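Shown next, in C-alpha cells, is the structure this report addresses.
Residue numbers (the working numbering): 4 to 87.
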C-alpha cells in the first residue's frame, strides 16, 4: 500500500514539473495565433468563457496564470502573472 502511495505521489510531482505553462512558452504566443496553436503550446485551459464573440480563456492557478482573449478563434489580447 505504501509503495502505491509513493508511486502515485511521484507521478503527480513529475506531471506537475512538466507543466507547459512557462515563461518561455508564454513568450511564443503572438497576436493572430489560433486557439489550437495556443493549446498545443501551453496545454488545455482551466476554463473559457464566451461573450459577444470573444472567448476568454485562463490557464494556471491562483499563483501563476495566463489569460488569452480570442476573437474569431485568434489571439487578440494576452497576459500572464508570475510565470518563471
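Note that CB positions come from ideal geometry on N, CA and C, so glycine has one too.
Only a predicted model underlies this, so the values are computations on that prediction, with no experimental measurement involved.
By Cβ distance, which residues of its chain are closer than 7 Å to residue i, with the 5 residues on each side in sequence left out?
i: residue 85; result: 66, 67
Go through its chain and collect everything with a Cβ distance to residue i's Cβ below 6 Å, but skip five positions before and after it.
i: residue 46; result: 23
i: residue 38; result: 73, 76
Between residue i and the rest of its own chain, which residues show a CB-CB distance below 8 Å, the 5 nearest in sequence each way excluded?
i: residue 28; result: 44, 45
Quick one: what does DSSP say residue i is sitting in, helix, strand or coil?
i: residue 26; result: helix
i: residue 39; result: helix
i: residue 80; result: strand
Hey, is residue i's beta-carbon within less than 8 Å of any beta-carbon in chain C?
i: residue 56; result: The chain labelled as chain C is not found in the depicted structure, where only one protein chain is given.
Decide if residue i is buried, meaning its Cβ has at least 16 other Cβ atoms within 10 Å, or exposed.
i: residue 56; result: exposed
i: residue 74; result: exposed
i: residue 51; result: exposed
Using a Cβ distance threshold of 8 Å, determine whether the stretch 30-44 contacts the stretch 71-78, with at least three qualifying pairs required.
By the Cβ test, the stretch 30-44 is in contact with the stretch 71-78, since at least three Cβ pairs between them sit closer than 8 Å.
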